[in-house]
Amino acid sequence: MKVFPWNNSKQRFQVKPRKKEERTNKYKTLLKLYNRIWNDKVFPTSWQRAIVIHIAKPGKDPQDAGNYRPIVLTSCLCKLMERMVNARLVYCLEEKVYYLRFRTVSDTIEAP
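The working numbering numbers the first residue of the sequence shown as 1 and each following residue consecutively.
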């Protein structure tokens, strides 16, 4: 692994695989993990836990509990899987809606 130093104050250290094979193996490992979770229908218990941090809203009275916004810290692997599942669901639903729209329009057209 190579660690690249900061290019500016906003960036943190970036850890990148040296070779394409390392990156491919990591992706395959993640894919196996996600497929196993999906097929076995068992969600890791560590992914079900979160840390909630309350941050005061700017310009509000910090003594009032209603002037805080909750920030939830969860597992990065869990967030990635949520995004993958969400993208797939949106894709499937859009295809179905498109199909239904197409069927609805074609059913209303009269044949000559």
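Note that the Cβ used here is the ideal one computed from N, Cα and C, for glycine as well.
How far does the beta strand (DSSP E) with V42 in it extend, from its first residue to its last?
As a first step, residue 42 is located in the sequence shown; it is residue number 42 there, counting from the start. Note, V42: premise wrong, no beta strand (DSSP E); not H, not E.
Per DSSP, cross-strand counterpart(s) of R69:
To locate residue 69, count along the sequence shown from 1; it is residue 69. Answer is I55, bridged to R69.
Cβ neighbours of K57 in the same chain (closer than 8 Å, five flanking residues each side left out)
For this step, residue 57 is matched to residue 57 along the sequence shown. Answer for K57: N67, Y68, R69, listed in chain order.
Give a yes or no on whether the C-beta atoms belonging to L73 and W47 are separated by under 8 Å.
On the sequence shown, position 73 is the one that residue 73 refers to. On the sequence shown, position 47 is the one that residue 47 refers to. Not in contact: L73 and W47 (Cβ atoms no closer than 8 Å).
Checking 8 Å against the spacing of the C-beta atoms, do I51 and F43 come in under that value?
Against the sequence shown, residue 51 aligns to sequence position 51. Against the sequence shown, residue 43 aligns to sequence position 43. In this structure, F43 does not lie closer than 8 Å to I51 by Cβ.
Would you call the CB atoms of M81 and Y34 closer than 8 Å?
As a position in the sequence shown, residue 81 is number 81, starting the count at 1. As a position in the sequence shown, residue 34 is number 34, starting the count at 1. Against a cut-off of 8 Å, the Cβ pair of Y34 and M81 comes out as a contact.
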